[in-house]
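Novice: Going by the numbering used here, the sequence shown opens with residue 1, and the numbers climb by one from there. We put the beta carbon where it would ideally sit given N, CA and C, even for glycine.
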Amino acid sequence: MLIARLIADPATLETRLDAATAALSAAGLPLAEAQLLDFCGDVLELELPGDDAATLRRVIDEHFAPSDAIIAREPIRLPHVFVSDMDSTMIGQECIDELADYAGIKDKIAAITERAMQGELDFESALRERVGLLAGLEEGAIQRCLEERIRLNPGARVLVETLKSRGCRTVLVTGGFHHFADDVADQIGFERVMGNRLEVAGGKMTGGLVGAVCGSGAKKQVLEEELAKLGENAVSIAAGDGANDIPMLQAATYGVAYYAKPKAREAANGWIDRGDLTALLKLLDIPQTEWV
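1) Which class does residue 117 belong to by DSSP, given the choice of helix, strand or coil?
2) Helix, strand or coil for residue 164, going by three-state DSSP, please let me know.
3) Around the C-beta of residue 90, are 16 or more other C-beta atoms found within 10 angstroms, so that it is buried, or is it exposed?
4) Determine the contact status of residue 59 and residue 23, defining contact as a CB-CB distance below 8 angstroms.
5) On the DSSP letters alone, give me the boundaries of the alpha helix (DSSP H) that residue 143 sits inside.
6) Determine whether the beta carbon atoms of residue 202 and residue 95 lie at a separation below 8 angstroms.
7) Hey, residue 285 and residue 40 are a contact pair by Cβ (cut 8 angstroms); roughly how many whole angstroms apart?
8) Give the C-beta separation of residue 236 and residue 81 to the nearest angstrom, bearing in mind that I take them to be a contact with Cβ-Cβ under 8 angstroms.
9) Just to check my reading of the structure: residue 179 and residue 142 have Cβ atoms closer than 8 angstroms, yes? What is that Cβ distance to the nearest angstrom?
10) List the endpoints of the continuous beta strand (DSSP E) containing residue 84.
11) Please go through the region 236–280 and give each complete alpha helix (DSSP H) segment of 4 or more residues, from N-terminal end onward.
12) Hey, how far is the Cα of residue 152 from the Cα of residue 74?
13) Shortest alpha-carbon distance to residue 196 belongs to which of 56, 85, 47?
14) Ignore the nearest five residues each way along the sequence and tell me which others in residue 57's own chain have a CB closer than 7 angstroms to its CB.
15) Terminal residues of the continuous alpha helix (DSSP H) containing residue 98?
16) Using C-beta distances below 7 angstroms, list every residue in its chain close to residue 32, excluding the 5 sequence neighbours before and after it, in chain order.
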């Protein structure tokens, strides 16, 4: 069985559904049921026999884009743990790019960041290269950057606080830096934070990192650690946007790509291309009257 929940343009939903139903039937995936969810009336839930998620995804993209969606192989349940990336997911910026602007090298570093997030470069090597370029930058630039540049993405705090109110454990894990992530986690309400630490000496960045790199493997490991604490049948949801999020997205029950790079979106079984982060609450069928 396949279950899909999606949010698309309500004005054309009925017409789009008719066309999608025909396309699914032609592909050997007859639609068993289609209904608008009771609590969130703009969320369409589709139920189909079979296991051809790739075809279902293709039809959704062809007939409902832009959409927000989750595709699953069993009824969608509330998660017990939520693990999220930070840069360009919970916040609208890439912290290292903004920090680089204070050193006058934003374009140079941003070009490396983009290639790393697209999956064209090894993440750890690209991170160390970019951090090395920041050597000599005053430590005070971090706080200035936080105050002047870093902004939460719409719906971030509502999403996290609402999930917590339902008993969901929340974790922020980033290939970026604790110097930013600790503050962002406090603003949003995350209960645990994992990230990298910039090395600072004499009030300036040395161009190095303290300890092991928190990259794609570490993100997946954090998710698995949290699930291990919860036991069998625990449900997880993860959100991210770049190539270094792919292992985490694939390991989660619901891996959601947020306005993501193509490789990350393709690897996930959910995506947000249309709404803000509260779209996840709608896809989980949590009534807006219960959002925190």
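Specialist: According to the data block:
1) helix
2) helix
3) buried
4) yes
5) 140–148
6) no
7) 6 angstroms
8) 5 angstroms
9) 5 angstroms
10) 81–84
11) 246–251, 262–267
12) 32 angstroms
13) 85
14) 71
15) 95–101
16) 47, 48, 49
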